[in-house]
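Visitor: So the protein lines, in turn, are chains A and B.
If you count by the working numbering, then the first sequence holds residues -10 to 95, one letter each, in order.
If you count by the working numbering, then the second sequence holds residues -10 to 95, one letter each, in order.
Beta carbons are placed, not taken as given, at the ideal position from N, Cα and C, and that holds for glycine.
Number of protein chains: 2
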Amino acid sequence: MKKGLTPICHRFFTNLSNPTRLAALEQLMNKPMSVTELAKALGQEQSMISHNLKPLIECNFIFGQKQGKRHVYSVNQETVNMLFKTVENHAAKFCPSGGKCLKGGN
Amino acid sequence: MKKGLTPICHRFFTNLSNPTRLAALEQLMNKPMSVTELAKALGQEQSMISHNLKPLIECNFIFGQKQGKRHVYSVNQETVNMLFKTVENHAAKFCPSGGKCLKGGN
DNA sequence: ACTTTATATGAAATATAATTCATATGAATA
DNA sequence: TATTCATATGAATTATATTTCATATAAAGT
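1. Within a Cβ cutoff of 7 angstroms, which residues of the same chain sit near A/Thr68, ignoring the five residues on either side of it in sequence?
2. Where in the region 36 to 74 of chain B do unbroken runs of the beta strand (DSSP E), each at least 3 residues long, occur, reported from the N-terminal end onward?
3. For chain B, check one thing: does any of its Cβ atoms lie closer than 8 angstroms to the Cβ of A/Leu31?
4. What does a CB cutoff of less than 7 angstroms around B/Met37 pick up in its chain, not counting 5 residues either side in sequence?
5. How about B/Thr75 and A/Thr25: are their beta carbons less than 8 angstroms apart?
6. What are the residues of the region 35 to 64 of chain A that lie near chain B, defined by any Cβ-Cβ distance shorter than 8 angstroms?
7. At 7 angstroms on the CB atoms, spell out the chain A contacts of B/Ser6, in chain order.
8. Between the C-alpha atoms of B/Lys92 and B/Ser6, what's the straight-line distance to the nearest angstrom?
9. What residues in its chain sit with their C-beta under 6 angstroms from that of B/Lys29, if we drop five residues either side in the sequence?
10. Assuming A/Glu26 is part of the alpha helix (DSSP H), what are its boundary residues?
11. So, with DSSP's three-state summary, where would you put A/Cys(-2)?
12. What residues of chain A sit near B/Leu72, judged by a beta carbon separation below 7 angstroms?
13. At least one CB of chain A closer than 8 angstroms to the CB of B/Leu11: is that the case?
14. Use the C-beta contact count for A/Ala81: other C-beta atoms within 10 angstroms, 16 or more gives buried, fewer gives exposed.
15. Helix, strand or coil for B/Glu15? Go by DSSP, reduced to three states.
16. Quick one: is B/Leu17 near chain A, going by C-beta distance under 8 angstroms?
17. Are the C-beta of B/Thr68 and some C-beta of chain A separated by less than 8 angstroms?
18. Comparing alpha-carbon positions, which option in B/Gln16, B/Cys84, B/Pro(-4) and B/Cys(-2) lies nearest B/Val64?
19. Less than 8 angstroms between the C-beta atoms of B/His40 and A/Phe1, yes or no?
20. Suppose the cutoff is 6 angstroms on Cβ atoms and the five residues either side in sequence are ignored; what does the same chain contact list for A/Asn18 look like?
21. B/Ala80 touches chain A at which residues, Cβ-Cβ below 7 angstroms?
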């Protein structure tokens, strides 16, 4: 790790350390969606989705595109795919019991 | 992303969303160290390092080895290297201004 | 056995982040 | 231009995480 990357890493991972944002990313991996569509898919309030999308946009984990009054968001495949692959690999190799490191719930 | 990975991702990234833990990982990338050595290197209290190392150990981001009364910790290179590479790549490509996504401090 | 050194733990205090609710902005349409 | 639909924002509340301080455990050395 290059020196001085710690603050960027912190922002980066803090962004991802939230179940709503992760669920949103998961949805957007399938297909681009609007805020309202995401809210419906995740069973959450519109304002909550909007609040949570904001940091994802700011750090370019997702990209937004205006379509009239809708805002359609798509995932940054390059980064997010790599991250999820890394998590899957880690879970497979280093969390043998699957839920071992999840005691106490998510 | 496989379905149902969200809770694991959450734990995974929450673990990394802390400057003390990131700084500890950064140190351990150079060489394995004991708790006291880390505390000295990072200018932090021993108990704080110990508290922060715990979740890293539980999720196997680092591995511990007893050497007498010292506990020497080494980093899980496979996972942590991949993560830091991903952050570097993302920062290079998607944070062109360097600190753009850091306004407001770390 | 006593003292020192290394580490871990518990619990209170503090700091940070997430959620909710009310409301604002802005684009489309009647 | 009034109304509806889509999204964003502010601020208060609530929830979570971090830090600190005191203390416990445990290995080594005297």
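Guide: Walking through what the data contain:
1. Phe50
2. 51 to 56 and 59 to 64
3. no
4. Thr9
5. The answer is no: Cβ separation not under 8 angstroms.
6. Residues passing the 8 angstroms Cβ filter: Glu47, Cys48 and Asn49.
7. Simply His(-1), Phe2, Thr3 and Ser6.
8. In this predicted model, B/Lys92 has a pLDDT of only 42, less than 50, meaning its place in the structure is not dependable; the value taken from the coordinates is given anyway. In a straight line, the C-alpha of B/Lys92 is about 17 angstroms away from that of B/Ser6.
9. none
10. Val24 to Leu31
11. helix
12. Thr75
13. yes
14. exposed
15. The three-state secondary structure of B/Glu15, taken from DSSP, is helix.
16. no
17. Yes, B/Thr68 counts as interfacial toward chain A.
18. It is B/Gln16.
19. no
20. The sequence given here places Met at residue 18 of chain A; Asn does not occur at that position. Here the set comprises Val64.
21. The contacting residues are Ile(-3).
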